[in-house]
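What follows is a set of notes on a single structure, which appears directly below.
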Amino acid sequence: MAPAFDTPIAFLVFNRPDCTEKVFAEIRRAQPRKLLVVADGPRANRPDDVENVRLTREIIDRGIDWPCEVEKAYAEENMGCRNRVSSGLTWVFEHVEEAIILEDDCLPSPSFFPYCAELLARFRTDDRIMAVSGCNHGVDTPSRRYSYAFSQITHIWGWATWRRAWAHYEVDMKSWPEFRERQLIYDALSDRAVAAAWERAFESAWSRQTDTWDYQWLYAVLKRNGLTVTPHRNLIKNLGFDERATHTRDPMASGGFLELESMDFPLKHDPYFVPATRYEMEILRNLFAPSVLTRLWRKVTRIVRRLRSSWKPAAN
Numbered sequence: 000m001a002p003a004f005d006t007p008i009a010f011l012v013f014n015r016p017d018c019t020e021k022v023f024a025e026i027r028r029a030q031p032r033k034l035l036v037v038a039d040g041p042r043a044n045r046p047d048d049v050e051n052v053r054l055t056r057e058i059i060d061r062g063i064d065w066p067c068e069v070e071k072a073y074a075e076e077n078m079g080c081r082n083r084v085s086s087g088l089t090w091v092f093e094h095v096e097e098a099i100i101l102e103d104d105c106l107p108s109p110s111f112f113p114y115c116a117e118l119l120a121r122f123r124t125d126d127r128i129m130a131v132s133g134c135n136h137g138v139d140t141p142s143r144r145y146s147y148a149f150s151q152i153t154h155i156w157g158w159a160t161w162r163r164a165w166a167h168y169e170v171d172m173k174s175w176p177e178f179r180e181r182q183l184i185y186d187a188l189s190d191r192a193v194a195a196a197w198e199r200a201f202e203s204a205w206s207r208q209t210d211t212w213d214y215q216w217l218y219a220v221l222k223r224n225g226l227t228v229t230p231h232r233n234l235i236k237n238l239g240f241d242e243r244a245t246h247t248r249d250p251m252a253s254g255g256f257l258e259l260e261s262m263d264f265p266l267k268h269d270p271y272f273v274p275a276t277r278y279e280m281e282i283l284r285n286l287f288a289p290s291v292l293t294r295l296w297r298k299v300t301r302i303v304r305r306l307r308s309s310w311k312p313a314a315n
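Dropping the structure here:
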């Protein structure tokens with residue numbers, strides 16, 4: 000039996016029992032003393048949601064077989080991605096001062112949990128640091144001599160934060176019009192193509208054209224000139240690249256090709272609180288402002304993947 004894990008874990012689930020079971024198995028292995036579960040309700044126009052939501056919640060309800068204080072925020076009706084996650088995380092930080100956050104499709108490396116716990120404690124009272132990320136999108140951090148670098152951008156495939164940081168989150172982005180008018184995003188991000196892509200993303204979240212919660216969090220970090228700890232190894236694999244996903248349907252465009260790695264301990268702490276701008280701009284260009292060659296490569300890769308999935312050998 001593994002020793003109990005003291006850092007609270009928040010688990011966000013919906014209607015994917017297959018993904019939930021895999022991620023919950025890693026949470027169960029970590030054995031947190033406190034688990035907070037946020038679940039959205041079934042959609043009215045999707046009859047299969049009722050059963051899938053039930054099966055998803057059952058995995059958690061029946062799977063907790065270690066000493067654990069469990070808090071549940073289960074929605075009876077569907078609230079949508081924007082409202083369920085944002086209100087759910089606000090609920091989480093009404094209960095705890097800090098938490099590790101996993102969605103149902105974010106499979107963690109076992110080393111993700113102690114990595115987050117150590118850095119949550121290290122930067123607990125440092126207002127410069129807004130979050131700890133577990134995801135590295137396949138780009139080397141500037142120096143492998145340290146376990147992590149600092150970034151302006153928070154990757155939310157497995158992450159952790161504090162109540163003090165979440166207090167700056169505003170789901171309605173009421174301050175965005177002034178931020179946009181003053182073009183502050185072009186001061187915050189050095190690459191104009193990347194800044195323009197983020198400006199469009201923030202505008203879509205503010206205007207409710209996109210049903211999301213995470214652009215608002217990235218905006219909260221940027222407007223505070225905050226930093227996120229980013230590991231030099233990728234500690235999260237996203238399992239959710241299929242037709243059921245809300246936003247991540249194309250693995251080649253969104254980082255679904257990333258594989259799990261393991262963090263070495265003891266952690267080697269970066270003494271320089273300077274954002275790794277070249278590192279993060281390379282990631283953001285790949286994700287949001289890819290070159291013509293990158294877009295062409297992705298298109299060819301998607302075609303090849305579809306052909307492989309549909310190909311059947313001829314019968315003898």
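For the sequence shown, numbering that gives the first Met the number 0 assigns the number 0 to the initial residue and increments by one for each residue that follows.
Quick reminder that beta carbons are idealized off the backbone N, C-alpha and C, glycines included.
Only counting the same chain, and skipping five residues up and downstream in sequence, which positions put a Cβ closer than 8 angstroms to that of Leu266? By 1-based counting over the sequence shown, the position of residue 266 is 267. Result list for Leu266: Tyr114, Glu117, Leu118, Ser146, Tyr147, in chain order.
Based on the DSSP output, what are the partners of Leu106 in its beta bridges? Locating residue 106 in the sequence shown gives position 107, counting from the first residue. Paired residues: Lys236.
Is it the case that the Cβ atoms of Thr160 and Met129 are separated by a distance below 8 angstroms? Walking along the sequence shown from the start, residue 160 turns up at place 161. Walking along the sequence shown from the start, residue 129 turns up at place 130. Against a cut-off of 8 angstroms, the Cβ pair of Met129 and Thr160 comes out as a contact.
Classify Ile58 as helix, strand or coil using the three-state DSSP reduction. Taking the sequence shown and counting its residues from 1, one reaches residue 58 at position 59. Here Ile58 sits in helix by DSSP.
Using 8 angstroms for Cβ pairs, my map puts Gln151 next to Leu221. What's the rounded Cβ distance? Position 152 of the sequence shown, counted from the start, is the residue given in the question as residue 151. Position 222 of the sequence shown, counted from the start, is the residue given in the question as residue 221. Confirmed, Cβ separation roughly 6 angstroms.
So what does DSSP say about Phe318, is it helix, strand or coil? Here the chain comprises residues numbered 0 to 315, so residue 318 is not present and cannot be evaluated.
Tell me the residue span of the alpha helix (DSSP H) that contains Ser174. Translated into the one-based positions of the sequence shown, residue 174 becomes position 175. Run containing Ser174: none; DSSP gives neither H nor E here.
With a threshold of 8 angstroms, are at least 3 pairs of Cβ atoms found where one atom belongs to the segment 95-111 and the other to the segment 227-238? yes
Given a threshold of 16 other Cβ atoms within 10 Å of its Cβ, counted over all protein chains shown, does Asp317 qualify as buried or as exposed? The requested residue 317 does not occur in the structure, where the chain is confined to residues 0 to 315.
On the premise that Phe13 lies in contact with Thr316, defined as a C-beta separation below 8 angstroms, what is that separation, rounded to the nearest angstrom? The first residue shown for the chain is 0 and the last is 315, placing residue 316 beyond what the model contains.
Between Trp165 and Arg28, what straight-line distance do the alpha-carbon atoms span, to the nearest angstrom? For the purposes of this step, residue 165 is identified with residue 166 of the sequence shown, where counting begins at 1. For the purposes of this step, residue 28 is identified with residue 29 of the sequence shown, where counting begins at 1. Whole-angstrom Cα-Cα distance: 27 angstroms.
Leu217 versus Lys33 - alpha carbon distance: What you label residue 217 is simply residue 218 of the sequence shown in a count that begins at 1. What you label residue 33 is simply residue 34 of the sequence shown in a count that begins at 1. Looking at the two C-alpha atoms, the distance is approximately 26 angstroms.
In the DSSP output, which residue or residues are listed as bridge partners for Ile26? The residue given as residue 26 occupies position 27 in the sequence shown. According to DSSP, Ile26 bridges with nothing at all.
Please confirm whether Phe149 and Leu226 have their CB atoms less than 8 angstroms apart. Counting from 1 along the sequence shown, the entry for residue 149 is found at position 150. Counting from 1 along the sequence shown, the entry for residue 226 is found at position 227. In this structure, Leu226 lies closer than 8 angstroms to Phe149 by Cβ.
In whole angstroms, what is the alpha-carbon distance linking His268 and His231? Here the question's residue 268 lines up with position 269 in the sequence shown. Here the question's residue 231 lines up with position 232 in the sequence shown. Near 12 angstroms, if we compare the C-alpha coordinates of His231 and His268.
Can you tell me which residues form a DSSP beta bridge with Lys222? The residue given as residue 222 occupies position 223 in the sequence shown. Answer is none; Lys222 lacks a bridge partner.
Sequence-distant residues of the same chain with beta carbon closer than 6 angstroms to Leu188, five excluded per side: The sequence position of residue 188 within the sequence shown is 189, counting from 1. Same-chain partners within the cutoff: Ala194.
According to DSSP, is Glu75 helix, strand or coil? By 1-based counting over the sequence shown, the position of residue 75 is 76. In this structure, Glu75 counts as coil in the three-state DSSP scheme.
Output the boundary residues of the alpha helix (DSSP H) element that contains Val193. As a working note, residue 193 is residue 194 in the sequence shown. Counting along the chain, the alpha helix (DSSP H) containing Val193 begins and ends at 191-205.
Taking Ile42 and Asp103 to be in contact with their CB atoms under 8 angstroms, please state how far apart those CB atoms are, rounded to whole angstroms. Taking the sequence shown and counting its residues from 1, one reaches residue 42 at position 43. Taking the sequence shown and counting its residues from 1, one reaches residue 103 at position 104. Reading off the sequence, residue 42 comes out as Arg, not Ile. Arg42 to Asp103, Cβ: 16 angstroms. No contact.
Alpha carbon to alpha carbon, how far is Ser132 from Ile8? The sequence position of residue 132 within the sequence shown is 133, counting from 1. The sequence position of residue 8 within the sequence shown is 9, counting from 1. Taking the straight line joining both Cα atoms gives about 14 angstroms.
Can you grab the Cα-Cα spacing for the pair Val318 / Met78, in whole Å? Past the edges of the chain, shown from 0 to 315, lies residue 318, and the structure says nothing about it.
Cutting at 6 angstroms between CB atoms, please list the residues of its own chain near Trp65, excluding the five before and the five after it. Translated into the one-based positions of the sequence shown, residue 65 becomes position 66. Contacts found: Gln30.
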